[in-house]
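In what follows, a single structure is set out as structure tokens and then discussed.
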Amino acid sequence: PRRSSVVDPSRFLALRPFVLRYLLAAGASAPCRRRKASVIDMGHLLSRLLRESTGEGGSRVRKRRDKGLREVIDLTANRVQADKANAARWGIGDVSSITLEEVPDDSPKEDLSELFAPLTNEEESEVNNLLNGSAHSKKIIVLHKPSNIEITKEKLWCLRPRGWLNNEVINLYLELLKERAEREPKRFLKCHFFNTFFYTKLACGKTGYDYQSVRRWTTPNKLGYRLADCEKIFIPVHRDVHWCLAIIDMKEETFHYLDSLGGKDSGVLRILARYIMDELKDKNNIEIDTSSWRVVSVHIPLQHNGWDCGMFMLKFIDFYSRGLILSFSQEHMEYFRMRTAKEILRLRAD
Numbered sequence: 001p002r003r004s005s006v007v008d009p010s011r012f013l014a015l016r017p018f019v020l021r022y023l024l025a026a027g028a029s030a031p032c033r034r035r036k037a038s039v040i041d042m043g044h045l046l047s048r049l050l051r052e053s054t055g056e057g058g059s060r061v062r063k064r065r066d067k068g069l070r071e072v073i074d075l076t077a078n079r080v081q082a083d084k085a086n087a088a089r090w091g092i093g094d095v096s097s098i099t100l101e102e103v104p105d106d107s108p109k110e111d112l113s114e115l116f117a118p119l120t121n122e123e124e125s126e127v128n129n130l131l132n133g134s135a136h137s138k139k140i141i142v143l144h145k146p147s148n149i150e151i152t153k154e155k156l157w158c159l160r161p162r163g164w165l166n167n168e169v170i171n172l173y174l175e176l177l178k179e180r181a182e183r184e185p186k187r188f189l190k191c192h193f194f195n196t197f198f199y200t201k202l203a204c205g206k207t208g209y210d211y212q213s214v215r216r217w218t219t220p221n222k223l224g225y226r227l228a229d230c231e232k233i234f235i236p237v238h239r240d241v242h243w244c245l246a247i248i249d250m251k252e253e254t255f256h257y258l259d260s261l262g263g264k265d266s267g268v269l270r271i272l273a274r275y276i277m278d279e280l281k282d283k284n285n286i287e288i289d290t291s292s293w294r295v296v297s298v299h300i301p302l303q304h305n306g307w308d309c310g311m312f313m314l315k316f317i318d319f320y321s322r323g324l325i326l327s328f329s330q331e332h333m334e335y336f337r338m339r340t341a342k343e344i345l346r347l348r349a350d
């Protein structure tokens, strides 16, 4: 029989986060592509070495508790000087003037109980029935008319434990976050939420950058507002089999790259720096120079498995669109999956 090309996420269960990142980056550019033997051997070697070292995989990784944060793993220690030494690799305008900073997350501290409010018995029962039932998998259970996104039971199953989030679920949830901000503009920041296809479209072509392919995505008639008026712009980034998040902070004139496996990608920020210059010139006739903008690194919660990257990305967006610190951890992912399923079924983000 023909072997399935789908990679079972549970295969990554035993891998430490940064071993997983190594394998994803070097071993497979798509889920259906088989890893090279040399990469598999190196992965086994790294995994064995890490198991023989400290409980978190090495002395260079340490646990810490920052004020307002649950326990996270600090992979950013002592890297700022190295970033400055290699700043030319970022290639964002005149790199000589770029400031790379590692700063504490000093977002407003607020009551976060609402963000972790348990589902009611009725809600939990409804979600469990849809996530665990196998009948009528192709049945459309949710239709979001403004975006024309349809969610079948099968699509929603990505919110099961160990599921890899798909485009439909991610994009619908981003639509719900957008509608939430429109309902309560005084409570939430003015943000723009690009969908999962934007960055792939932007970073295409022979040169790896094609503004014209996304130029019409942000016309004032289509959006009802200008990107120049937003505080934050969220850009989902799909790296082979891993979800990350890039943020353009228009208010603070900073760029952020959030990877729940602790990595970074200078190429993404370089492309987005060029994009925002082209966008403001095209839509607002405003010329800006992003070489004076800062690339900021903050401590973020990290995933400890191979399947929660999409959920981490959505919660990064959810919390930052509220102006809040990222006060969650791996232990909350099961709850967030249930909550996200509930909000999708209700077509309303709380």
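One point on numbering: in the UniProt record's numbering, the residue at position 26 of the sequence shown is 26, and numbering is uninterrupted.
All C-beta atoms, glycine included, are put in the ideal place defined by N, C-alpha and C.
Query, Result
"Residues of its chain near Glu334, where Cβ-Cβ distance is below 8 Å and the 5 sequence neighbours each way are ignored", "Pro161"
"Rounded separation between Ser132 and Trp157 - CA only", "One point to set straight first is that residue 132 is Asn, not Ser, in the sequence displayed. C-alpha separation (whole angstroms): 8 Å."
"Residue burial classification, Leu269 (beta-carbon count within 10 angstroms, cutoff 16)", "buried"
"Cα-Cα separation, His144 to Leu261", "31 Å"
"For Ser147, three-class secondary structure by DSSP", "coil"
"Selection from His238, Asp210 and Ala228 that minimises the alpha carbon distance to Lys251", "Ala228"
"Best match in Lys283, His304, Gln303 and Tyr275 for proximity to Thr290 [C-alpha to C-alpha]", "Tyr275"
"Minimum C-alpha distance to Phe319 - residue among Lys342, Phe188 and Lys201", "Phe188"
"Helix, strand or coil at Arg274 [DSSP, three-state]", "helix"
"DSSP-derived helix/strand/coil call for Cys244", "strand"
"Minimum length 3: unbroken beta strand (DSSP E) runs contained in the region 276-304", "294-297"
"Endpoints, the beta strand (DSSP E) within which Val237 is located", "Lys232 to Arg239"
"Inter-residue Cα distance where the pair is Met338 and Glu123", "9 Å"
"Any 3 or more C-beta pairs closer than 8 Å across the region 164-178 and the region 149-156", "yes"
"Start-to-end residues for the beta strand (DSSP E) that takes in Cys191", "Cys191 to Phe193"
"Closest Cα partner of Thr196 within the set Lys190, Leu302, Leu245 and Val127", "Leu245"
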